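Quick note: the sequence shown, position 347, residue 342 per this note's numbering, numbers continuous. Glycine is no exception: its CB is placed at the ideal position from the N, C-alpha and C atoms. Predicted model only: the values in this text are computed from it and were never measured.
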Amino acid sequence: MQPIRSLLAVAVMSGIAALLAASVVSGADQTTAASNMNVGIDLSYIDHSVKPGDDFFSYANGAWVKTAQIPADRSATGPTQELEDLTAKRTADLIQNMAKTQPAAGTSNRKIADFYAAYMDEAGVEKRGLAPIKAELDQIDAIKTRDDLARVLGSQMRADVDPINATNFQTENLFGLFIAQGLEDPSHNIAYLMQGGLGMPSRDYYLSHDPEMAADRAKYLTYVGALLKLAGTTDADTQAAAIMALETKIAQAQESLVDSEDIHKANNMWTMADYAQKAPGMNWAAYFNAAGLGDQKQIDAWQPAATTAIAALVGSEPIDTWKQLLRYHAIDSAAPLLPKAFADLNFKFYSGTLEGVPAQPERWKRAVDATSSDLDYAVGRVYVQKYFPPEAKVEVQDMVKNLIATFNERLDTLAWMTPATRAKAKAKLATLRVGVGYPDTWRDYSALVVQAGDALGNHERAIEFRYRYQLSKLGKPVDRGEWWMTPQLVDAVNLPVQNALNFPAAVLQPPFFFPHGDAAVNYGATGATIGHEISHSFDNLGSEFNAQGKLENWWTPQDAAHFKATTQKLVEQYNHYEALPGLYVNGQQTLGENIADVAGLAVAYAAYHRSLHGKPAPVIGGLTGDERFFLAYAQSWRVKIRDAELRQRLSTDVHAPDNIRAQAVRNIDGWYAPFHVQPGQKLYLSPDNRVKIW
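Below is the structure:
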């Protein structure tokens, strides 16, 4: 299911070099070690003026938060960002030096070298101006009828949404495509159509009464006008107002994030005739033919009401207004790879205004990110060859086995679960497929054309290549081993329809995972991450899929009622967290991730003790095993974030803010004694009110 994004991590010591050089105290020395720094935990981050029972995040990280500086080209900083920087430097070294190895023409390595070189050719980008998007703009200008409009809209659709694995519901195109196994036919892949059409991150930016978002709307209108003027549009301000009005209507037509998350509302297999009848206004035959989907008998309408309402806008709004919107979106999407004036303007709004980031990353960093993103698995293959040793993979696999075994044991002890549901849960756990590091088979990039001196064209061809790859899966048997995350990504994911997990190589290294390191720290951080992902198979979404990934609730009514009542307590618990003045966490929107945080932490805690094989945990640096476990967990959420970025996440993200996720410890019985948490403290929950799911 959902990736945990920048949300998983082990705590970092003061510097990467120090972390990599640190050694774990062993043997008799473990009980007497007095070092202030342990692998994965830095005691200098602790703010002793804060009681753990009042705010465990601030207790574990408060001293660091007071002095930490967010880099000018970042919206947040913390251990994940630091590992992302390290991974980026390693990836940059591989990419920048690729040309020196003189790879043969047509090979993936040659394409990596040429892609990066084209991106770095700033003089060439400036010289070409808007020429790289002229064909697209001409296509838009040639629209005369609504049938023409439908064909152009269809030609722009890409596989840029993922509602199940990545909780990615946003596309700037009018609709987005997701291809995965059928909800009711897990043996074959099908197409899912999802709402889109907005330039800002979500419908809330257009509809919210929040004063900050209202201010963002005004700045967006200014940005649209400025971008059009830069492109030579004579009536730019008038067009900007029309574009903003149409996007607002699209936002009003869209369904909410909470409704979009409801898998039962998404199970709508429409035939081509259904689209014409249920969503008039769009020439769907022309649209799907242009999108390469004309041979599909059925396509799932993930958000049916939005599909109907957006199609109506295609049929009712003036064609000229649609052309203006499409022209703006074409320029806006290409802006980062157009001349500097366009790239700077684009950055200033999307990163500066919406995320609060004051400085754009250096071009080489952007070039590395783009190469790693567009040539994803080609770069990943080179990365793991150098930076992911086999022994690290084996150690993580052992940890996974222990966590799964622990989860299985806990299923046997759940008094509330009926035998029928328990049997289905254990069957699902037994067939769970866990990918560690990298996929078993690598993607073939021979069909992707990368040309020297064509940065924007290379990017657009890479996006289309990915789209064609997704289209090629339609109607075919499902590849249960398919990966949805690249090895160089600092993240992890649960794939509910595949009943599988992906743990990329980049996240399985210091400062997230320490080979041969302290078990308390490894289980408190990476173990909680693994437990988090395992538990997604049994959360409010995972519980809707059986062991084969078919949409089938395998709970008895009695168990389902208990589960709903228990998780409702978690909704209410998180609804009370104030993330920004006057802005609270949406407990329902973040429920799946909150369930996984609490369940994953509980399972990791039990698995840590299981790993001790009945022996007492060593004391290291004056800290007991339980203290190190929970501190590692809390320091894994160490973060400092800009308000604008946090505001955006509250609107678009299904995860609670990082500092709030650290407070999940309040639901674990074993947290209370080591930190002397007492009734009356802010995080204290009576035993009956602690949410225990697995």
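- With distances taken between CA atoms, Glu242 lies nearest to His324 out of Tyr282, Lys471, His324.
- Judged by beta-carbon spacing, Leu406 lies within the 7 Å limit of Ala420, meaning their Cβ atoms are closer than that value.
- Shown here for Asn541: same chain residues with a beta carbon closer than 6 Å to its own, the five before and five after excluded, namely Glu547, Trp549 in chain order.
- Per DSSP, Arg428 is not a residue of any alpha helix (DSSP H); the beta strand (DSSP E) it occupies stretches across 428 to 432.
- For the pair Ser150 and Val598, the Cα-to-Cα distance works out to about 47 Å.
- Minimum Cα-Cα distance from Phe342 among the listed residues Val374, Trp437, Leu222 corresponds to Leu222.
- Contact between Gln553 and Thr413 holds: CB atoms are separated by about 6 Å, below the 8 Å threshold.
- The count of Cβ pairs closer than 8 Å, one atom from the segment 479 to 490 and one from the segment 442 to 453, stays below three, leaving the stretches out of contact.
- For secondary structure counted as the alpha helix (DSSP H) over 4 or more consecutive residues, the segment 548 to 581 holds these complete runs in sequence order: 552 to 570.
- Straight-line spacing of the CA atoms in Gln483 and Ala113 works out to 22 Å.
- Secondary structure at Met264: strand, using DSSP grouped into helix, strand and coil.
- Shown here, Thr302 sits in a helix according to DSSP, grouped into three states.
- Contact between Arg198 and Gln249 holds: their C-beta atoms lie close to 5 Å from each other, under 8 Å.
- Across the structure, His511 and Asn517 are spaced so that their CA atoms are roughly 9 Å apart.
- Nearest to Trp437 by alpha-carbon distance, out of His571, Tyr201, Gln380, is Gln380.
- In the three-state reduction of the DSSP assignment, Met152 falls in the coil class, being assigned neither a helical nor a strand state.
- The beta carbon of Ala145 is closer than 6 Å to those of Met277, Asn278, Ala281, Tyr282 in its chain, skipping five residues each way along the sequence.
- Out of Gln76, Ala235, His204, Ile65, the CA that lies nearest to the CA of Thr217 is found in Ala235.
- In this structure, Ala520 sits near Ala627, with a CB-CB distance shorter than 7 Å.
- If the five residues before and after Ile174 are omitted, its C-beta is found closer than 8 Å to the C-beta atoms of Ala154, Asn184, Ile185, Ala186, Tyr187, Gln465, Leu466, Lys468, Leu469, all from its own chain and listed in chain order.
- In this structure Ser532 is in contact with Leu427, their Cβ atoms being roughly 6 Å apart against a cut-off of 8 Å.
- The C-beta separation of Val395 from Leu503 comes to about 11 Å, leaving the pair out of contact by the 8 Å criterion.
- Annotated as proximal: Ala71 and Val634, with beta-carbon spacing under 7 Å.
- Per DSSP, reduced to three states, the secondary structure at Ala354 is coil, with no helix or strand assignment.
- By the CB criterion at 7 Å, Leu78 and Pro613 fall outside the cutoff.
- In the three-state scheme derived from DSSP, where H, G and I count as helix and E and B as strand, Ala501 is classed as helix.
- Glu640 and Gly351 have their alpha carbons spaced roughly 6 Å apart.
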